[in-house]
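Reviewing the structure listed below.
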Amino acid sequence: MEDSFLTQSKAIRKQSNDIYSRLRSIQDDAKFVEEVSLANPSLPLVANLRCGAWYCPPEIAHPSTPAYFKSQDGHEGQWDFSLRRSNLHLLPLISERGGIILVDSTRRGKRLPDALSKTIPQWCATINRALIVRDGPFQAGTSENETEAEDWARRIYVSPRSVSDSEKSRMEALLEGWASKLLASSLELPSLKYPLRPIFVHKPSTLDLYHIPSLPSPSELGFHPVMCLSASEYIEDSTDRRRPGGWEYHQGAGDDHESWGMGMSPSDWWVWRGELLALERDELELEVRRRVQARRAAVTPRTVTESERGMKGGVIVKPTRNLFIGTLSEPASRLPTISIYTSSSPPISDLSPSGSSHSVPSLVINHRPGKDDLQTLFNQAVSFAKPIWADGGEIWLGCENGKDISVGAGIVLLQTFFNDSGELLADGQSSETVSKATIQKRLQWIINAQPGANPTRSTLKTVNAYFMSARFKPT
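Per my numbering: the sequence shown = residues 21 to 495.
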């Protein structure tokens, strides 16, 4: 009898958390996100990766690089302003549009994820303090004087439902140090007319009785609103989660999609949404697997034409004048290229050795994470770059997403061939001065050029190990 009860309980729990209920929960939450966005049409809608991307309809989401505020940076006792995840690319957008809506969600037990309730408030307050030190007081709003404006711009604003007064005080004590760290870095910090201030919004249990906030302009408010929008309804343990149609509401359904999505990504979801929601529960899982398999099978090596070789896009990594970084899909000017493939095979014609009969030098590396030695990849990149930079040439560098492996290779190249001012060292000679600070500086140069750059801890450790090993031999 007891075994039968446990079996039934497991079956009910599995059904309530299956992909059928999750996708309907996401769809339900996305409607709320859309309503908030429509009530504030001037504010760009930006997903906080990775969870937030499930809730932002592409037709209304801003096409800029998404935000990446990590909850871990707001965990109690681990508070930090991360220079690796500085999100400074959002500031020009906030300045232009007056504010921003940042979308995320969290699983049961909280109204707001720590990324919204703590990390973003820390970010706002740190930037405000840094800008006051560098640029002087912000402009006051129409309803306040300059003294009042500067006073509150230095504070940290949190939701009292999520952060205690004690925790708030301890976070606030760290702001000055974070502001100094930001100002001392090589990151580009754009100016703002008004300070940043977080505003917290989460989905209510009954939308019909909820007033969607519509915010006035920054000049009226006296600040740029950073709306921290938690897409999901707060669910307590005793709450009935059943919904009409035979599914159960799942708070934060988009979180940790590797464990339930069967390989489906947020971009897949928004393309397939209509067809998937029309399926019955027993059809859905099979159809998702079929579509994911078909999508993966469709990614086949293509032939690169002679005219395409060396036609790569990207952004120059300042303060250098010799290195461009980007993703493999971006076309632009003809340059010697270092192309790194990690999740798929290189295009067919790229399998030929570099420097064959082609006029534009190219290095193609097919790197298998976890199998191939990353330090060997760095050595290949350095050997390729040395003769080109000895002649003062330019190089384009990229991988499939422009976030990890190519960033690690970029740090190695910048550290090896450029001084701390971004000047190419004479005759392709290598630098002997290597430290944690110089490596961080070069990572920050790359982040300025490519805000989505976010190398893994493993990649950064390998960069450090490379310069400590015998493979790095300054010349």
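Backbone N, C-alpha and C define an ideal beta-carbon position, used for all residues, glycine too. All values reported here derive from a predicted model rather than from experimental measurement.
- Closest option to R217, judged by alpha-carbon separation, among E268, G118, R309: G118.
- Nearest C-alpha to D100 among L463, L202, C248: L202.
- With contacts defined by Cβ atoms closer than 7 angstroms, R154 and L195 do not form a contacting pair.
- A distance of 7 angstroms or more separates the beta carbons of A59 and S211.
- Contact check for I466 against G412 fails: the beta carbons are separated by 7 angstroms or more.
- In the structure shown, the three-state DSSP call for Y361 is strand.
- The beta carbon of I425 sits closer than 7 angstroms to the beta carbons of I360, T362, H387, C419, T479 from its chain, once the five residues preceding and following it are set aside; these are given in chain order.
- When the five nearest sequence neighbours on each side are left out, the beta carbons in the same chain lying within less than 7 angstroms of the beta carbon of G472 are those of T85, G422, K423, in order along the chain.
- Contact between L63 and M191 does not hold, since the beta-carbon distance rounds to 25 angstroms and is not under 8 angstroms.
- In the three-state reduction of the DSSP assignment, E54 falls in the helix class, which pools H, G and I.
- A direct Cα-Cα distance of roughly 22 angstroms separates E55 from E268.
- Take P112, set aside five residues on each side of it, and the residues of its chain with a beta-carbon closer than 8 angstroms to its own are P210, in chain order.
- In the three-state DSSP reduction, C419 falls in the strand class (E or B).
- G272 is the residue among G272, G242, S287 whose C-alpha sits nearest the C-alpha of A251.
- Membership of L383 in the beta strand (DSSP E) is indicated by the continuous run 382-386.
- With a minimum length of 4 residues, the unbroken runs of alpha helix (DSSP H) contained wholly in the stretch 228-277 fall at 238-241.
- When the beta-carbon positions are compared, E208 and N468 come within less than 7 angstroms of each other.
- When DSSP states are grouped into helix, strand and coil, R354 belongs to the strand group.
- Taking all protein chains in view, the Cβ of Q435 is crowded by 16 or more other Cβ atoms within 10 Å, so the residue is classified as buried.
- By the neighbour-count definition (other C-beta atoms within 10 Å, threshold 16), L355 is a buried residue.
- If you look at I120, you'll find it in the beta strand (DSSP E) that goes 120-124.
- With 16 or more neighbouring CB atoms inside 10 Å of its own CB, S382 falls in the buried class.
- Around the beta-carbon of M488, fewer than 16 other beta-carbon atoms lie within 10 Å, marking it exposed.
- E256 sits exposed, since fewer than 16 C-beta atoms from the chains shown fall within 10 Å of its C-beta.
- In the DSSP annotation of this structure, the continuous segment of the alpha helix (DSSP H) that includes P112 starts and ends at 110-117.
- Excluding sequence positions up to five before and after S179, its CB lies within less than 7 angstroms of the CB of L132, S137, F220, all in the same chain and listed in chain order.
- C-alpha of A73 to C-alpha of S349: approximately 21 angstroms in a straight line.
- Nearest in C-alpha terms to R175, of all of S106, K188, W280, is K188.
- DSSP, read as helix, strand or coil, puts G412 in coil.
- L297 is classed as exposed because its beta carbon has fewer than 16 other beta carbons within 10 Å across all chains shown.
- L304 and I39 have their C-alpha atoms spaced approximately 8 angstroms apart.
- For P83, the closest alpha carbon among the candidates S287, A446, S182 is that of S287.
- Listed in chain order, the non-local C-beta contacts of T482 below 7 angstroms within the same chain comprise L394, Q395, G428, local neighbours out to five positions each way being set aside.
- With 16 or more neighbouring CB atoms inside 10 Å of its own CB, P141 falls in the buried class.
- In this structure S91 is in contact with D134, their Cβ atoms being roughly 4 angstroms apart against a cut-off of 8 angstroms.
- I80 is not a Cβ neighbour of S102, given a cutoff of 7 angstroms.
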